[in-house]
Each structure stands twice: as C-alpha cells, then as structure tokens.
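Top line first, the protein sequences correspond to chains A and B. Under our numbering, the first residue of the first sequence carries the number 3, and numbering increases by one thereafter. Under our numbering, the first residue of the second sequence carries the number 711, and numbering increases by one thereafter. Note that the Cβ used here is the ideal one computed from N, Cα and C, for glycine as well. Everything numeric in this text was worked out from a predicted model, so none of it was measured. Here's the structure, in structure tokens; my notes come after.
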Amino acid sequence: DAGVTQSPTHLIKTRGQQVTLRCSPKSGHDTVSWYQQALGQGPQFIFQYYEEEERQRGNFPDRFSGHQFPNYSSELNVNALLLGDSALYLCASSLSGAKLFFGSGTQLSVL
Amino acid sequence: SQQGEEDPQALSIQEGENATMNCSYKTSINNLQWYRQNSGRGLVHLILIRSNEREKHSGRLRVTLDTSKKSSSLLITASRAADTASYFCATAPSGAGSYQLTFGKGTKLSVIP
C-alpha cells in the first residue's frame, strides 16, 4: 500500500519564477493538506483540499494556489517566487479524520 | 502562526533513559497530536489525545493533556538511538469548520548510544 508520494524531491528556482509541486495521497484518502516548513520551524498550514475544493486556507498570500483532481491527487502552485519561499513543502492526506499521513516533502530552494 | 510551543527546544539523553517534552498551546482544542520527524523529511503520526482525555499510552509513549493549563507532555520511556528525531505537537481547534493542524516549533531529541 503506497503512502503519500510527492514530486519532485528537490527543486531549485530563481526569484520571480513559478513552481508546481505534486502530491498523491495515501490510497483511500480523500483529503489533502499542504504545509510549509522553514528550516528549524514547525510546519505551517497553507491550505486543505476536499472534494476538489479548497476547504480551508492558512495565512498565505494568493501567490500560493492549489488544485485537487478527481483522483484526489493535488498540486501546489507558487507564483512570483521570493527568497523567503525557500522551504520544505509537505503534503499530508487523511480520510475524514484528524490523523495526517505525510509525504517526504519537496525541498524548494529559491536563488 | 505557531499555536503550540514545545519545551525544551533540544534534549540530549543517554540510551535507556526517559525523555520528556512539553507542549503549551493557546486556544481551545478538539484534540492534540504528537508527530516525529527524522532528518527534516516527512512527519510520522505518533499519538492523538482528545480534549476529554487526560492520559494515553502507546507502546513506550505516554501522553498527558491538561486542558485547564493548556499543556501536554510526551514521555518516551527506555529511549533508543533510533528515537533521535524532532518531535512536534499539533493542535486541532475546537468548533466546526476548522480543519487545520497548528504545529509548534518542535523539540530536537538526541539519544546517545
């Protein structure tokens, strides 16, 4: 049973560029959440998708957007990248419950 | 913003000793969870305690919750080198319509063989 998979593992971009990160949830899970984790900090909630809709959003600017597909997989898009967007981006899936299953993350470096 | 705050920020113990880390939070919660993270990669769920529970056990883990003090503690007994990791508490707020988990900054545990 595959867990949560994220791609790519690492990514290097320059300021002003756009990036798309991808996530496949654990089999049977219908809810996907995205978190940003800066070095030495805890994960911060970006948003959650359920039934292809953004159900809740954290305190992130509109440059951060997402999508959930009918097969429950999800994308995180970040436009106009800033140096401060450099972080580990974590995807987590769940099934109508509180317990989250995390992927290994995408390490984004913005130069 | 960070809701939970773990204490201490870092902890170093010998293998076989017990490790205790604490978490404080600010608002009413539905439940509190603890996660482990190895080497800055994905987090692994350890245990969940609901707001109406005071103590919960899972293997070598013991979690307590004091909602009057808005605090929780995680005890790892008989620690092993493999327990070396960062540990985060995460709170789920009470009330309908709120689905986010809010994480603290974590406690970095080092278990010396």
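Alpha-carbon spacing of B/Leu785 relative to A/Gln20, whole angstroms: Between the C-alpha atoms of B/Leu785 and A/Gln20 there is a straight-line separation of about 43 angstroms.
Comparing C-alpha positions only, which one of B/Arg746, B/Arg751 and B/Ser781 sits nearest to B/Glu763? The candidate whose alpha carbon is nearest that of B/Glu763 is B/Ser781.
Per the DSSP calculation, A/Val112 is bridged to which residue(s)? Answer by DSSP bridge pairing, in chain order: A/Lys15.
Does the count of Cβ pairs from the stretch 714-729 of chain B and the stretch 812-820 of chain B closer than 8 angstroms reach three? A contact exists between the stretch 714-729 of chain B and the stretch 812-820 of chain B.
Does A/Gly44 come within less than 7 angstroms of chain B when only Cβ atoms are used? Contact with chain B is found for A/Gly44, since one of that chain's Cβ atoms lies less than 7 angstroms from the residue's Cβ.
Does A/Ala89 get closer than 7 angstroms to chain B when you measure Cβ to Cβ? No, no contact with chain B.
Can you tell me where the beta strand (DSSP E) holding A/His31 begins and where it ends? No beta strand (DSSP E) holds A/His31; DSSP gives it neither H nor E.
Segment contact flag, the stretch 87-96 of chain A with the stretch 31-51 of chain A, C-beta cutoff 8 angstroms, min 3 pairs: The stretch 87-96 of chain A makes contact with the stretch 31-51 of chain A, as at least three CB pairs between them are under 8 angstroms.
Among B/Arg746, B/Arg760, B/Ser783 and B/Ser778, the one whose alpha carbon lies nearest that of B/Met731: Distance check between B/Met731 and each of B/Arg746, B/Arg760, B/Ser783 and B/Ser778 places B/Ser783 closest, using alpha-carbon atoms only.
Buried or exposed: where does B/Ser711 fall if 16 or more other Cβ atoms within 10 Å of its Cβ makes it buried? Below a pLDDT of 50, predicted positions are generally treated as unreliable, and B/Ser711, at 48, falls in that range; no measurement from the model is reported.
Chain A beta carbons: is any one of them nearer than 7 angstroms to that of B/Tyr809? Interface residue (Cβ-Cβ distance to chain A less than 7 angstroms): B/Tyr809 is classified as such.
Within 7 angstroms, strictly: CB atoms of A/Val112 and A/Gln70: Not in contact: A/Val112 and A/Gln70 (Cβ atoms no closer than 7 angstroms).
What three-state label does DSSP hand A/Trp36 in the structure shown? Of the three classes helix, strand and coil, the one that applies to A/Trp36 here is strand, per DSSP.
For chain A, find out if any of its Cβ atoms is closer than 7 angstroms to the Cβ of B/Ile822; answer yes or no. Not one chain A Cβ lies under 7 angstroms of B/Ile822.
Is A/Arg65 closer than 7 angstroms to A/Asn81 when the C-beta atoms are compared? The answer is yes: Cβ separation under 7 angstroms.
Give the DSSP-derived three-state secondary structure of A/Leu97 in the structure shown. Here A/Leu97 carries a coil assignment [DSSP, helix/strand/coil].
Can you look up B/Asp776 in the DSSP assignment and give me helix, strand or coil? Correct three-state label for B/Asp776: strand.
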